[in-house]
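Undergrad:
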Amino acid sequence: MNLTLGIFVIILLITLGITYWAARRTRTTSDFYAADSQLTAAQNGFALAGDWCSAAAFLGFTGLTALYGMDGALYALGPLVAFCTVLFMIAEPMRNTGKYTLGDVIRGRMQTRTSLLAAIVGTVVVNFAYLMPQMAGAGVLVRLLTGISYDWAVILVGVSMIVYVAFGGMLATTWVQIVKAALMLTAGAIILMMILSLVHFNPLTLFADAEQKYTAKYLLPGNYLKNPFDQISLGLGYTLGLAGLPHVMTRFYTVPDAKTARRSVVWVMFLAGAFFAGTTAFGLAAANYVGQDVIRAADQGGNLTLPLLAQYLGGGKDSLGGNLMLGFVAAVAVATILAVVSALTLSTSGAIAHDFYVNWVKRGHVDGKHEVWIARIAAVVIGVLAIALGILAQGVNVAVLVILAICIAASANFPVLILSLFWRRFNTGGVVGGMTVGLISSVVLAMIGPAMRGADALWPLVNPTVVSLPLGFLGAVLGTLISRRDADNEKRFDEFLLQVHTGVAPG
Amino acid sequence: MARNRTSLKDAHASVKELIAEKVQYLVPMTIIFIVCYIGLTVFAGFAKDLMGMRIVGSVNLGFALIALNYLLSWVLAIVYGRIAAGKFDPLAARAAMEISGRGILR
Chain R
8 MNLTLGIFVI ILLITLGITY WAARRTRTTS DFYAADSQLT AAQNGFALAG
58 DWCSAAAFLG FTGLTALYGM DGALYALGPL VAFCTVLFMI AEPMRNTGKY
108 TLGDVIRGRM QTRTSLLAAI VGTVVVNFAY LMPQMAGAGV LVRLLTGISY
158 DWAVILVGVS MIVYVAFGGM LATTWVQIVK AALMLTAGAI ILMMILSLVH
208 FNPLTLFADA EQKYTAKYLL PGNYLKNPFD QISLGLGYTL GLAGLPHVMT
258 RFYTVPDAKT ARRSVVWVMF LAGAFFAGTT AFGLAAANYV GQDVIRAADQ
308 GGNLTLPLLA QYLGGGKDSL GGNLMLGFVA AVAVATILAV VSALTLSTSG
358 AIAHDFYVNW VKRGHVDGKH EVWIARIAAV VIGVLAIALG ILAQGVNVAV
408 LVILAICIAA SANFPVLILS LFWRRFNTGG VVGGMTVGLI SSVVLAMIGP
458 AMRGADALWP LVNPTVVSLP LGFLGAVLGT LISRRDADNE KRFDEFLLQV
508 HTGVAPG
Chain X
38 MARNRTSLKD AHASVKELIA EKVQYLVPMT IIFIVCYIGL TVFAGFAKDL
88 MGMRIVGSVN LGFALIALNY LLSWVLAIVY GRIAAGKFDP LAARAAMEIS
138 GRGILR
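Residue numbers (my numbering), protein chains in the order written: chain R, 8 to 514; chain X, 38 to 143.
What follows is the structure in structure tokens.
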């Protein structure tokens with residue numbers, strides 16, 4: 008296990024070096040929030056892959072496939088398909104209308120303080136719901152992999168993330184994500200090659216062996232998600248939830264124009280998509296060669312499947328190759344968490360410093376230099392809060408929060424964002440209605456569902472998106488129709504459309 | 038000033054044209070991926086036996102459809118990139134020039 012710690016320390020030193028380099032280049036607000044919008048499509052594509060593949064993707068999909076067969080493969084496909092929505096409807100308009108945050112887009116469209124406040128709430132709630140389980144996951148994972156205690160693991164991860172974000176802003180966060188994505192893809196490619204050579208380059212063998220070992224039922228859907236509507240909720244949550252996750256969407260501000268934003272999505276679809284497809288092969292191979300019993304013995308949820316598989320492929324438990332592979336994969340898993348929590352902290356600091364303090368409290372009357380400092384301080388405060396929440400969350404069932412984050416993103420942020428971009432009549436009442444109904448229905452349904460209450464659940468679905476998403480849209484539409492028609496807003500929509508589609512604001 | 042107003046009018050017309058183009062391509066493409074993917078999850082939920090139908094060796098229909106969905110997403114991404122570069126970008130560039138008031142060479 009000390010080998011893991013060693014590799015992890017090397018990764019940490021590299022990322023801190025990057026942060027030092029980035030900090031010297033981070034002076035203006037645009038540097039801090041958007042890396043001065045100077046990234047290339049390939050760079051942003053890698054960073055998006057680093058951002059979007061959380062530990063749940065890196066470790067979870069492999070584990071789910073190993074333990075539950077096809078449901079794991081379905082889980083892994085969703086996050087790729089999600090980028091179709093982003094590519095067709097969101098990436099370019101985001102780049103064209105916003106500056107640093109999701110709040111910028113809503114504020115630009117509505118020009119009201121209430122709508123900005125609604126966007127801030129949507130961002131902060133989703134980000135914290137996502138951040139808390141990541142911190143708790145970091146604690147468990149780092150403890151399992153390196154042997155240091157849960158609390159110290161959370162503190163180590165939290166302090167690193169604060170350093171990256173507060174000093175290096177978006178530039179450091181981006182490069183941490185790029186390094187992590189490159190490491191992740193390298194690890195994936197090595198593991199895939201080893202598996203393929205093991206089955207003599209015939210992937211069908213993986214399925215045949217799995218069927219022989221665990222019967223044909225293992226390769227059927229429904230082993231993990233028993234309720235059919237949960238399958239659909241999962242699909243909807245992914246396809247539309249990604250487009251409502253502020254920490255991923257703000258990545259489109261780091262490129263100079265809509266064309267580059269578009270190309271970066273194509274990049275991430277191939278990079279992350281290839282990795283997601285790989286996890287299905289990893290999972291089957293792990294079930295075949297490591298065995299479900301060993302996987303369950305190491306961790307009930309299957310989260311250690313990929314490290315165990317790497318160890319097996321490297322030569323087994325007591326071999327140097329096996330431990331090197333285990334250490335490498337484990338260290339990449341920790342780097343994965345670091346990259347994701349940094350993005351969440353940065354995006355939350357944008358909502359607090361840029362949207363709330365500068366644009367809401369001070370109505371935009373803050374000079375750039377001052378704003379950078381506010382943002383840095385916000386990042387530190389958010390980071391400390393995240394550490395505290397992570398420590399408090401030890402032993403609490405945080406799985407529900409992961410579902411909740413994506414569910415709220417799909418049910419509250421997505422309807423508001425998409426209607427802001429494409430519906431003329433949509434107004435501040437609609438923003439408030441969509442945000443409120445989407446948020447409340449997601450939280451309430453998740454809380455009374457089986458993820459939180461187990462057998463006493465008052466309603467059957469773990470993931471409520473299939474109901475809360477239509478409710479969110481309904482809230483947005485009703486809110487719009489109930490509140491008085493906003494003639495100025497509707498007239499302004501034509502000019503907003505010019506900006507959405509060209510990136511140039513009529514001046 | 039008058040010229041500026043005219044070119045802004047042109048810009049609105051160009052963007053209207055651009056939106057029509059986008060709708061023409063994006064609506065079918067969106068329907069395709071939503072139907073294929075959500076359809077897959079509906080099948081996974083309600084048609085488990087069908088998903089277990091063998092296709093090649095031990096690979097069943099479910100895994101084959103999952104693989105097809107990967108391919109579809111990648112194909113759509115490339116197709117969208119092509120269409121956007123070929124059809125949307127020129128219109129957007131023209132509109133952008135009209136907005137900045139420089140007009141276009143006629």
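For every residue, glycine included, the Cβ atom is placed at its ideal position computed from N, Cα and C.
If we call anything under 8 Å between Cβ atoms a contact, is residue 146 of chain R one with residue 137 of chain R?
TA: No, Cβ-Cβ distance for residue 146 of chain R and residue 137 of chain R is not below 8 Å.
Undergrad: Once the 5 residues before and after residue 243 of chain R are set aside, which same chain residues still bring their CB inside 7 Å of it?
TA: Only 417, 472, 473, 476 meet the Cβ criterion.
Undergrad: How would you label residue 372 of chain R, buried or exposed, when you count the other beta carbons within 10 angstroms and need 16 or more for buried?
TA: When all chains shown are included, residue 372 of chain R counts as exposed.
Undergrad: Are the CB atoms of residue 291 of chain R and residue 7 of chain R within a distance shorter than 8 Å?
TA: This structure leaves residue 7 of chain R out entirely; chain R is present only between 8 and 514.
Undergrad: At a Cβ threshold of 8 Å, is residue 124 of chain X touching chain R?
TA: Not closer than 8 Å to any Cβ of chain R, the Cβ of residue 124 of chain X fails to qualify, so no.
Undergrad: Quick one: residues in its chain with C-beta nearer than 8 Å to the C-beta of residue 450 of chain R, no 5 flanking neighbours on either side, listed in chain order?
TA: The residues are 411, 415.
Undergrad: At what residues does the beta strand (DSSP E) containing residue 91 of chain X begin and finish?
TA: 91-93 is the extent of the beta strand (DSSP E) around residue 91 of chain X.
Undergrad: In chain R, which residues lie with their C-beta within 7 Å of the C-beta of residue 92 of chain X?
TA: Simply none; closest approach about 10 Å.
Undergrad: Using C-beta distances below 7 Å, list every residue in its chain close to residue 141 of chain X, excluding the 5 sequence neighbours before and after it, in chain order.
TA: Because residue 141 of chain X carries a pLDDT of 46, less than 50, the predicted location of this residue cannot be relied on, and no value is offered for it.
Undergrad: Name the chain X residues that come within less than 8 Å of residue 280 of chain R, Cβ to Cβ?
TA: Ordered by position in chain X, the residues that pass the 8 Å Cβ test against residue 280 of chain R are 107, 110, 111.
Undergrad: Closer than 8 Å, CB to CB, is residue 38 of chain X near chain R or not?
TA: In this prediction, residue 38 of chain X has a pLDDT of 46, which is less than 50 and means its spatial position is unreliable; what the coordinates show is noted afterwards. It does not; no Cβ of chain R falls within 8 Å.
Undergrad: Along chain X, which residues have their Cβ under 9 Å away from the Cβ of residue 246 of chain R?
TA: In chain order: 70, 71, 74, 75.
Undergrad: By Cβ distance below 8 Å, which residues in the same chain neighbour residue 503 of chain R in space, the five residues on each side in sequence not counted?
TA: Here the set comprises 104, 115, 116.
Undergrad: Is there a Cβ of chain R sitting closer than 8 Å to that of residue 101 of chain X, yes or no?
TA: It does not: the Cβ of residue 101 of chain X has no partner Cβ on chain R nearer than 8 Å.
Undergrad: Determine whether the Cβ of residue 378 of chain R lies closer than 8 Å to any Cβ atom of chain X.
TA: No, its Cβ sits nowhere closer than 8 Å to a Cβ of chain X.
Undergrad: Report the neighbours of residue 136 of chain X on chain R: residues whose CB is nearer than 7 Å to its CB, in chain order.
TA: Near residue 136 of chain X (Cβ distances below 7 Å), the residues of chain R are 505, 509, 511, 513.
Undergrad: State the Cα-Cα distance for the pair residue 68 of chain R and residue 183 of chain R, rounded to the nearest angstrom.
TA: So the two alpha carbons sit approximately 22 Å from each other.
Undergrad: Using 10 angstroms around the beta-carbon of residue 61 of chain X, count the other beta-carbons present and answer buried if the total reaches 16, otherwise exposed.
TA: Residue 61 of chain X is exposed by the Cβ-count criterion.
Undergrad: Give every residue of the same chain whose Cβ lies closer than 7 Å to the Cβ of residue 422 of chain R, excluding the five residues on either side of it in the sequence, and list them in chain order.
TA: Closer than 7 Å at Cβ, skipping near neighbours: 441, 445, 479, 480, 483.
Undergrad: Shorter than 8 Å from the beta carbon of residue 129 of chain X to some beta carbon of chain R?
TA: Residue 129 of chain X counts as touching chain R.
Undergrad: Compute the beta-carbon to beta-carbon distance between residue 420 of chain R and residue 13 of chain R, rounded to the nearest angstrom, for a pair I have assumed lies under 8 Å.
TA: Between residue 13 of chain R and residue 420 of chain R the Cβ distance is about 41 Å, and since that is not below 8 Å, they are no contact.
Undergrad: Any residues in the segment 222-253 of chain R with a beta carbon nearer than 9 Å to a beta carbon of chain X? Which ones, in chain order?
TA: Cβ contacts with chain X: 223, 224, 226, 227, 228, 229, 232, 234, 235, 236, 237, 238, 239, 240, 241, 242, 243, 245, 246.
Undergrad: DSSP three-state call for residue 439 of chain R: helix, strand or coil?
TA: In the structure shown, residue 439 of chain R sits in a helix (DSSP, three-state: H, G or I).
Undergrad: List the whole-angstrom C-beta distance separating residue 497 of chain R from residue 431 of chain R, where the pair is believed to meet the contact cut-off of C-beta under 8 Å.
TA: So it is a contact: roughly 5 Å between Cβ atoms.
Undergrad: What three-state label does DSSP hand residue 96 of chain X in the structure shown?
TA: If DSSP states are grouped into helix, strand and coil, residue 96 of chain X belongs with the strands.
Undergrad: Mapping the DSSP letters down to three states, classify residue 38 of chain X as helix, strand or coil.
TA: Because residue 38 of chain X sits at a pLDDT of 46, beneath the cut-off of 50, its placement in the model cannot be relied upon, and the following sentence gives the value as read from the coordinates. The answer is coil: DSSP assigns residue 38 of chain X none of H, G, I, E or B.
Undergrad: Taking any Cβ of chain X, which residues in the segment 325-336 of chain R have a Cβ under 8 Å from it, in chain order?
TA: Flagged: no residues at all.
Undergrad: Can you give me, in chain order, the residues of the segment 261-276 of chain R that have a beta carbon less than 8 Å from any beta carbon in chain X?
TA: Listed by position, the residues of the segment 261-276 of chain R near chain X (Cβ gap below 8 Å) are 265, 266, 269, 270, 272, 273, 276.
Undergrad: Please check if any C-beta of chain X sits within less than 8 Å of the C-beta of residue 421 of chain R.
TA: For residue 421 of chain R, the answer is no, since every Cβ of chain X falls outside 8 Å of its Cβ.
Undergrad: Please report the residue range of the alpha helix (DSSP H) in which residue 295 of chain R lies.
TA: No alpha helix (DSSP H) holds residue 295 of chain R; DSSP gives it neither H nor E.
Undergrad: Taking CB distances under 8 Å as the criterion, tell me whether residue 77 of chain R reaches chain X.
TA: It does: the Cβ of residue 77 of chain R has a partner Cβ on chain X nearer than 8 Å.
Undergrad: I'd like to know whether the C-beta of residue 52 of chain X is nearer than 8 Å to at least one C-beta of chain R.
TA: So yes, residue 52 of chain X belongs to the interface.
Undergrad: Taking buried to mean at least 16 other C-beta atoms within 10 Å of its own C-beta, is residue 271 of chain R buried or exposed?
TA: Under this definition residue 271 of chain R is a buried residue.
Undergrad: Between residue 118 of chain R and residue 366 of chain R, what straight-line distance do the alpha-carbon atoms span, to the nearest angstrom?
TA: So the two alpha carbons sit approximately 11 Å from each other.
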